[in-house]
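Just below is one structure, and these are the notes that go with it.
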Amino acid sequence: MTIRDPRAVRIVGDLSGLPASASGPRHLVWWGNIGFMLIEGTGFVLAAAAYLYLMTQAPHWPPPGTRAPDLTWALIFTCGLVMSELPNLWVRRCAVAKDVRGVRIGVAAMTVIGLLLMIPRGFEFAHLNTHWYDDAYGSVVWMLMILHTSHIVTDWGDTAVQAAWLFTHEVGDDQFADVEDNANYWTFVVVSWLPIGAIVYGLARWS
Amino acid sequence: MLGLDMRWQLSTAENTRMGPQLFNESFSLHGSTMLFLVSVPVMEAMALWLVPLMLGQRNMAFPRLGAFSFWLYLGGVLTLWIAHALDVTPDLGWFEYPPLSGPAYSPGHRADIWAQMITFTEVAALCASVNVAATILKMRPPGMTLARMPVFLWAMLIASMMTILSMPAIMLVTSMLIADRLVSTHFFAPDAHGDVLLFQHLFWFFGHPEVYIIFIPATGFVSSIIETFSRRRLFGHDVLVLAIMAIGALAFGLWVHHMFAVGLPRLGNNFYTAASMAIALPAGLQIFCWIATMATGRPWFPAPMLWILGFVSTFVIGGLSGVMTASAALDLQLTDTYFIVAHFHYVLVGGAMFPLFGAFAYWYPKATGRMMSERLGQLAFVMIVGGFNLGFFPMHLLGLMGMPRRVYTYPAGMGWEWLNQIATLGSVIAVGGGLVFVANALWSYWRGAPAGADPWGASTLEWAGPSPSPSWNFAYRPVIDSLTPLWREDGSELPVMEGIAIERREVLVTSVTDAAPLYRQQSAAPSIWPLIAAVAVTAMFLGSIFTPWAIVAGALPIGAALTGWFWPRRERAKTGPLRVRT
Chain A
1 MTIRDPRAVR IVGDLSGLPA SASGPRHLVW WGNIGFMLIE GTGFVLAAAA YLYLMTQAPH
61 WPPPGTRAPD LTWALIFTCG LVMSELPNLW VRRCAVAKDV RGVRIGVAAM TVIGLLLMIP
121 RGFEFAHLNT HWYDDAYGSV VWMLMILHTS HIVTDWGDTA VQAAWLFTHE VGDDQFADVE
181 DNANYWTFVV VSWLPIGAIV YGLARWS
Chain B
1001 MLGLDMRWQL STAENTRMGP QLFNESFSLH GSTMLFLVSV PVMEAMALWL VPLMLGQRNM
1061 AFPRLGAFSF WLYLGGVLTL WIAHALDVTP DLGWFEYPPL SGPAYSPGHR ADIWAQMITF
1121 TEVAALCASV NVAATILKMR PPGMTLARMP VFLWAMLIAS MMTILSMPAI MLVTSMLIAD
1181 RLVSTHFFAP DAHGDVLLFQ HLFWFFGHPE VYIIFIPATG FVSSIIETFS RRRLFGHDVL
1241 VLAIMAIGAL AFGLWVHHMF AVGLPRLGNN FYTAASMAIA LPAGLQIFCW IATMATGRPW
1301 FPAPMLWILG FVSTFVIGGL SGVMTASAAL DLQLTDTYFI VAHFHYVLVG GAMFPLFGAF
1361 AYWYPKATGR MMSERLGQLA FVMIVGGFNL GFFPMHLLGL MGMPRRVYTY PAGMGWEWLN
1421 QIATLGSVIA VGGGLVFVAN ALWSYWRGAP AGADPWGAST LEWAGPSPSP SWNFAYRPVI
1481 DSLTPLWRED GSELPVMEGI AIERREVLVT SVTDAAPLYR QQSAAPSIWP LIAAVAVTAM
1541 FLGSIFTPWA IVAGALPIGA ALTGWFWPRR ERAKTGPLRV RT
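For the record, the sequence lines run as chains A and B. FYI, in this note's numbering the residues of the first sequence are 1 to 207. FYI, in this note's numbering the residues of the second sequence are 1001 to 1582.
In structure tokens, the structure reads:
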């Protein structure tokens, strides 16, 4: 063994001219966001798999005497959720364009939209026509609904805090990237509902 | 120590050192601790320390997330062990299958403590994995393309991806178990159309990849150590990387081999038998690459390299007994016997702990600036590897003779006593070796010979700077032009780039495939908020053992802590309706 000093170095370039921020997949935090979407997406897939597993094991689905969840509020919620993608994508575009006024208005609007969507979501729970303590069908339906609703609520909290910050502070490049990430996350919440909603409302009718 | 106590209990027939309850608690605590609180976290801890060093970076991508994951991990440790001190010890093994763990058969909170300990450690592991993956993908030094990434970094990246894709399963299933116990859901209640096997499917969808989440980082250690001490570039670098990827993919298709005995359709059993045997192929390729590296290099065998020899020989035995139990027909005979206890200890201790001990000895000089005693290192190696094999090999025979696992005692006249006594003797020797290893680490910390920057003449970046590494790791960003950047045949200096700020915390972010410099990212300063957030999450997790309302009540403090954590510090608005008016 030889005691060696730290390696001698030879400077071959200068990085000081690089920008201090970036957006989209170039940004570090974008990848962190993707990582957490992957975790939560895996959770959704496995919860859906649990539903399908229990469905295939049961002689009747839903169990005799249990009506499938009512569709009215689910359709209102789904339409509202899908349409929320229009302002959401607009906010995202404002963030990429570094439009301060646009992101302030857009994020505030998304906060209101998130709050409004919780109204039909609340009615959905009242019209599931089963309780979590009734049987395994009720348990797994409530699990899927709570899992998705928790994403609506947490993203709404995130959006509300972001709106408050954006209106009270000077917006820098990293915050535009944060708004973009938050918009991407909402898209994840919207897209993940489509298969989950189809399972909860569709398979109870057409299995 | 728990293991040794259990070995003492089993060393004679009808021993009264332990009753059944204490024995149940002992193996549950031993298994849960070693799987959830040691094996996975210790590999992630190695990643959190070594990944930025091997990338020539100053820090991880998300340092506050790293702090948060540590505090949550500590919460998991304290949950299990404080509960143990209060005599609320889980007693149903390291996988708590319902219906035994359900509300009907396990009143009290032992099962809840186990389930919630898992929630703690899995959230911690998931946060750490996102951190490691983002760091490796986006913070490689200029020139370190994916093709020039050391096997160690590939191993950590793939293990992190596996964690991200498998650990949600255990979080989901333990949450379902807690819900069955706390709010009367019926996921696992057959009389309400639930299914107990759903628990096993979800548990093992996580549980089998977990074995490889532990093993794959170890292959990274092994690759680094073998390359350094063989004094040649790894033989078959690309094959090793592809083998790790193959293991990572196949690991998700094996979980049912833990469930051969539950009566699944024969076609399913056949499929999982084939898949379980198939994974031996990439594992075998790795072994051959390592052997070829040693055979064609100029190997020398200080303590870290001895551990690798111990690993190869022990892991091959464990792998072969794995191929045996992959056969559904044979597994039906061997399941729940000591053959399985022998198999998984050979795989986990031989396949992960021996490389970890080697890694500890190998990187100890980098962490402390001092060398470990070679003589004590050799003594510890001989005692641990010898004691381990003496202790666990007889368990194969005990299993074949029919001794079931998880029995607190057995009647005299079964012919099991002498093999159990050999196993106990081996365990005593191995634990003695462990004490020598710890004593060596402590003694060397103060009395070890100075190590210098690079005592082994290694090839990767962590050895470029002083030992121990300063808190900023590197002053300059290295530029990488080969797989072995410190082995410069022309004797030239290490090429580096300047320009990353030294007056503030700043890191270089690069592109995913080519590691081309993109921008300079300000790195987060130390903060109390990750600790506060972890305390708030801990309160919610613990409260939810007793009432579901803890989740509602806990949401507000958690939200407040996360807001404090992420609230950007910038000047007040000069425009808009809420601007500062002067």
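We treat Cβ as the ideally placed atom computed from N, Cα and C, and that holds for glycine.
Within chain A, the residues placing a beta-carbon under 9 Å from that of residue 1195/B are 53, 54, 57, 58 and 136, ordered along the chain. One Cα belongs to residue 1315/B, the other to residue 1400/B, and the distance between them is close to 20 Å. Here residue 1156/B carries a helix assignment [DSSP, helix/strand/coil].
Remark: C-beta atoms of residue 21/A and residue 178/A do not approach each other more closely than 8 Å.
Here residue 1007/B is buried: its Cβ has 16 or more other Cβ atoms, across all protein chains shown, within 10 Å.
For residue 1073/B, the number of other beta carbons within 10 angstroms of its own is at least 16, and it is reported as buried. Here the alpha carbons of residue 87/A and residue 156/A stand approximately 14 Å from one another.
Under the three-state reduction of DSSP output, residue 1167/B falls in the helix class.
The Cβ of residue 1567/B sits closer than 8 Å to at least one Cβ of chain A. In the three-state reduction of the DSSP assignment, residue 1226/B falls in the helix class. Taking 8 Å as the threshold, the shortest C-beta distance from residue 39/A to chain B falls below it. Between the C-alpha atoms of residue 1180/B and residue 132/A there is a straight-line separation of about 10 Å. Spatial neighbours of residue 1305/B in its own chain (CB-CB distance under 8 Å, excluding positions within 5 residues in sequence) are listed in chain order as 1225, 1226, 1229, 1299 and 1358. 1064/B is the residue among 1406/B, 1064/B, 1506/B and 1308/B whose C-alpha sits nearest the C-alpha of residue 1526/B.
Excluding the 5 residues flanking it on each side, residue 83/A has no same chain C-beta neighbour closer than 6 Å. Inclusion of residue 1196/B and residue 1098/B in the CB contact set at 8 Å is warranted, their separation being smaller than that value. Separation of the CB atoms of residue 1545/B and residue 1116/B is rounded to 6 Å, and the pair is thereby assigned contact status at 8 Å. According to DSSP, residue 13/A shares a beta bridge with 1497/B. DSSP, read as helix, strand or coil, puts residue 1233/B in coil. Contact check for residue 1294/B against residue 1159/B fails: the beta carbons are separated by 8 Å or more.
Residue 1520/B is bridged by DSSP to 1508/B. Counting of Cβ neighbours within 10 angstroms places residue 1025/B among the buried residues, the total reaching 16 or more.
Chain order gives the chain A residues near residue 1498/B as 11, 13, 14, 15 and 16, where near means a beta carbon separation below 8 Å.
Taking one beta carbon from each stretch, the region 39 to 59 of chain A and the region 97 to 104 of chain A have fewer than 3 pairs nearer than 8 Å; the two do not touch.
Checking the DSSP bridge columns, you'll see residue 169/A partnered with 1572/B.
Within the same chain, Cβ atoms closer than 7 Å to the Cβ of residue 1496/B are found at 1476, 1477, 1478 and 1479, the five residues on either side in sequence being excluded. Note that the C-beta distance between residue 1010/B and residue 1420/B is below 8 Å. Taken through DSSP and simplified to helix, strand or coil, residue 1404/B comes out as strand. In the pairwise beta carbon analysis, the region 1178 to 1194 of chain B is classified as not touching the region 1255 to 1272 of chain B: fewer than three pairs are separated by under 8 Å. Under the DSSP assignment, residue 1117/B falls in the alpha helix (DSSP H) whose first and last residues are 1110 to 1138. At a beta-carbon threshold of 7 Å, the residues of chain A lying near residue 1186/B are 135, 136 and 139, ordered along the chain. In this structure residue 1156/B is in contact with residue 1132/B, their Cβ atoms being roughly 6 Å apart against a cut-off of 8 Å. Residue range 85 to 96 is occupied by the alpha helix (DSSP H) that includes residue 93/A. Residue contact check for residue 165/A against chain B: a CB pair falls below 8 Å.
Ranked by how close their Cα comes to the Cα of residue 60/A, the residues 1047/B, 1282/B, 1379/B and 1194/B have 1194/B in first place. Annotated three-state conformation of residue 1530/B is helix, per DSSP.
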